[in-house]
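*Asks:* Just dropping this structure here.
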Amino acid sequence: MARAGKRPRRPGPPGPYALVPWLLMGLGAFSNLWQGESPNPWVGGLGLLAFNSLYISVVFRGFDNNRRDTPTSYVLLAAMAAVTFGLAIGYGGSWLLFFPLLSLACGTILRGRRLVPALAFLAACAVGVTVWRGDHVSEPWTIGYGTFLSGAVTAAILTLSETVTELRATRQELARTAVEKERLRFSRDLHDLLGHTLSVIVIKSEAARRLAPRDIDAAIAQVTDIESVGRQALTEIREAVTGYREGSLATELDRARSALTAAGIEPVVRRSGPPLTSRTEALLGWVAREAVTNVVRHSGATRCVFVVESTPERVRLTVTDDGRGPGEVRGTRQAGGTGLKGLTERLAAAGGSLESGPGAQGGFAVAAELPVDTPSAPHGDPCAAPSP
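Here the working numbering is used: the first residue of the sequence shown is 94, the next is one more, and so on.
Here you go:
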């Protein structure tokens with residue numbers, strides 16, 4: 094395990110410095126210059142210096158993704174090839190070992206379809222020059238094979254290293270996305286659960302206060318409902334935290350009747366069609382909960398109608414009230430409200446749609462439509478919670 098604050102090691106080769114020691118292959122050429130065995134030692138020395146400088150420059154650029162595939166890199170590689178051919182043709186012997194070094198530099202720069210033809214051409218040239226010179230330190234085929242292999246192995250190792258780095262970055266991004274999704278799911282659950290529950294508690298508390306002076310039993314019944322709503326909210330919050338909460342349209346409609354009645358609003362529920370799948374029930378349950386919360390908070394309505402119409406293919410839930418329209422109040426009843434926006438996104442992810450706005454007879458209307466045969470969703474999927 095890496096120490097805290099220590100930069101993690103790069104997968105594969107640690108960096109371009111790992112390829113610098115291969116310049117020791119040129120010690121034979123340097124020895125020839127030092128012992129005076131090569132003609133024109135000043136030309137050979139300048140060529141050796143130029144080759145080493147170009148090799149280091151090309152290799153370091155090959156490890157930089159921003160500079161590797163650039164015209165400058167190819168110009169430097171071409172200059173290195175010219176120096177290599179010049180020294181190999183002019184001096185032969187140990188200088189022929191610069192071909193594998195040139196191939197290694199090619200392996201750091203070239204990728205894809207250009208790599209194999211370039212290495213094959215370079216290996217063939219190495220064999221040709223070696224045979225033509227006739228003073229080679231090794232068999233021509235050995236130099237050709239070493240030339241091709243050094244570039245191919247270098248490119249393969251660097252490609253694998255880059256792939257591993259990209260996979261690690263992708264894994265980190267996926268982990269970050271998963272955390273963000275879980276935070277969003279949790280915030281959506283808390284928004285809807287607490288918003289609806291607190292609205293119901295406020296309405297029932299007001300009802301209990303109004304009833305207490307003249308009907309203590311009815312007031313106690315409202316207080317009992319408040320206790321029940323609070324306990325249910327605690328259970329739902331625990332389930333939301335663990336990610337296993339799955340709502341039910343029937344349950345939400347029962348709660349809607351209680352909340353609307355306590356607020357002095359007449360609830361009307363009409364259902365038709367075959368039974369719904371659990372996922373569809375869960376999604377429509379969130380729609381019913383959000384709609385009831387908005388009606389209780391903002392509508393000033395006296396009547397709220399829930400209509401559930403289902404066929405073997407699709408189901409539609411419509412919630413309408415006779416209260417004030419969206420332009421007359423402030424809050425989530427306005428078109429594009431926060432809760433309704435989140436529900437729109439969730440239903441769209443499940444292949445459905447959500448529309449909201451002024452009702453045909455005045456007031457406000459929310460209409461949700463979904464396919465009936467929606468498959469079960471994993472935790473955190475659309476049925477987990479509406480948008481905050």
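From the three backbone atoms N, C-alpha and C, an ideal C-beta is built for every residue, glycine too.
(1) Taking the CB atoms as reference points, tell me whether V459 and S449 lie closer together than 8 angstroms.
(2) For L447, name the three-state secondary structure that DSSP assigns.
(3) Should N158 go down as buried or exposed, given a rule of 16 or more other Cβ atoms within 10 Å for buried?
(4) Nearest chain B C-beta to T354 closer than 8 angstroms, yes or no?
(5) Three Cβ pairs or more, each shorter than 8 angstroms: is that satisfied between the segment 120 to 135 and the segment 163 to 171?
(6) Taking the alpha helix (DSSP H) that R350 falls in, what are its first and last residues?
(7) Could you tell me which of G435, V400, G221 sits nearest to A181, measuring between CA atoms?
(8) Three or more C-beta pairs under 8 angstroms: does that hold for the segment 184 to 203 against the segment 241 to 256?
(9) Under three-state DSSP, which class holds A458?
(10) Go ahead and label K297 buried or exposed: buried means 16 or more other beta carbons lie within 10 angstroms of its beta carbon, across all protein chains shown.
(11) Who are R307's beta bridge partners in DSSP?
(12) Between the Cα of P451 and the Cα atoms of E438, D347, G444, R417, which residue gives the shortest distance?
(13) My parser needs the alpha helix (DSSP H) runs of 4 or more residues fully inside the segment 137 to 165; what are they?
(14) Please state whether DSSP places S231 in a helix, a strand or coil.
(15) With 16 as the cutoff for other CB atoms within 10 Å, does T404 come out buried or exposed?
(16) Identify, in the order they occur along the chain, each residue of the same chain with its Cβ nearer than 6 angstroms to the Cβ of A219, setting aside the five sequence neighbours on each side.
(17) Should W188 go down as buried or exposed, given a rule of 16 or more other Cβ atoms within 10 Å for buried?
(18) Should P164 go down as buried or exposed, given a rule of 16 or more other Cβ atoms within 10 Å for buried?
(19) If you run the structure through DSSP and keep just helix, strand and coil, what is T413?
(20) Taking all protein chains shown into account, do 16 or more other C-beta atoms lie within 10 angstroms of the C-beta of Q265, making it buried, or fewer, making it exposed?
(21) Taking the beta carbon of A349 as the centre, do at least 16 other beta carbons fall within 10 Å, making it buried, or is it exposed?
(22) Can you give the Cα-Cα distance for R390 and T354, rounded to whole angstroms?
(23) Under the DSSP definition of a beta bridge, which residues are partnered with S365?
(24) Is L463 helix, strand or coil when you go by DSSP?
(25) Kindly identify the DSSP beta-bridge partner or partners of R407.
(26) Whose CA, out of F156, Y110, Y184, lies closest to the CA of P134?
(27) Taking buried to mean at least 16 other C-beta atoms within 10 Å of its own C-beta, is D318 buried or exposed?
(28) Residues bridged to C199 by DSSP?
(29) Can you say whether L155 is buried or exposed, counting buried as having 16 or more other CB atoms within 10 angstroms of its CB?
*Replies:* A quick look at the data gives this:
(1) As a position in the sequence shown, residue 459 is number 366, starting the count at 1. As a position in the sequence shown, residue 449 is number 356, starting the count at 1. Remark: C-beta atoms of V459 and S449 approach each other more closely than 8 angstroms.
(2) The residue given as residue 447 occupies position 354 in the sequence shown. Strand at L447.
(3) Position 65 of the sequence shown, counting from 1, holds the residue named residue 158. That one is exposed.
(4) In the structure shown, chain B does not exist; there is a single protein chain.
(5) Touching, no, given that fewer than three Cβ pairs across the two stretches are closer than 8 angstroms.
(6) Translated into positions along the sequence shown, residue 350 becomes position 257. Element bounds for R350: 342 to 355.
(7) As a first step, residue 181 is located in the sequence shown; it is residue number 88 there, counting from the start. Answer by Cα proximity: G221.
(8) At 8 angstroms Cβ cutoff, the stretches touch.
(9) Sequence index remark: in the sequence shown, residue 458 carries index 365 (1-based). Of the three classes helix, strand and coil, the one that applies to A458 here is strand, per DSSP.
(10) Position 204 of the sequence shown holds residue 297. It is buried - the Cβ of K297 has at least 16 other Cβ atoms within 10 Å.
(11) Position 214 of the sequence shown, counted from the first residue, corresponds to residue 307. As DSSP reads the structure, R307 sits in no beta bridge.
(12) As a working mapping, residue 451 is identified with position 358 in the sequence shown. That would be R417, whose Cα lies nearest to the Cα of P451.
(13) For the segment 137 to 165, whole alpha helix (DSSP H) runs of length 4 or above, ordered along the chain, are 158 to 161.
(14) Along the sequence shown, one-based indexing puts residue 231 at 138. Coil at S231, not helix or strand.
(15) By one-based count along the sequence shown, residue 404 stands at place 311. Of the other Cβ atoms in all chains shown, fewer than 16 fall within 10 Å of the Cβ of T404; this residue is therefore exposed.
(16) Here residue 219 refers to the residue found at position 126 of the sequence shown. For A219, where only same-chain residues beyond five positions count, the Cβ hits under 6 angstroms are F192, I236, G237, T240.
(17) Stepping through the sequence shown from its first residue, residue 188 is reached at position 95. Result: buried.
(18) As a first step, residue 164 must be located in the sequence shown, where it is residue number 71. Under a 10 Å Cβ-count criterion, P164 is classified as exposed, with fewer than 16 other Cβ atoms of the shown protein chains found around its own Cβ.
(19) Working through the sequence shown from its first residue, we reach residue 413 at position 320. T413: strand per DSSP, three-state reduction.
(20) The residue you call residue 265 lines up with position 172 of the sequence shown. The residue is exposed, with fewer than 16 neighbouring Cβ atoms inside 10 Å.
(21) For the purposes of this step, residue 349 is taken as the residue at position 256 of the sequence shown. Buried.
(22) Start at 1 with the first residue of the sequence shown, and residue 390 comes out as number 297. Start at 1 with the first residue of the sequence shown, and residue 354 comes out as number 261. Spanning the alpha carbons of R390 and T354 requires a straight line of approximately 14 angstroms.
(23) Counting from one through the sequence shown, the residue named residue 365 turns up at place 272. Partner(s): E402.
(24) The residue given as residue 463 occupies position 370 in the sequence shown. Three-state result, L463: strand.
(25) Indexing the sequence shown from 1 puts residue 407 at position 314. Paired residue(s): P464.
(26) On the sequence shown, residue 134 is found 41 positions in, with the first residue counted as 1. Among F156, Y110, Y184, the Cα nearest to that of P134 belongs to Y184.
(27) The residue you call residue 318 lines up with position 225 of the sequence shown. Buried.
(28) Taking the sequence shown and counting its residues from 1, one reaches residue 199 at position 106. BP columns for C199 are empty, so no partner.
(29) For the purposes of this step, residue 155 is taken as the residue at position 62 of the sequence shown. In the sequence as displayed, the identity of residue 155 is Gly instead of Leu. Buried, by the Cβ-count rule.
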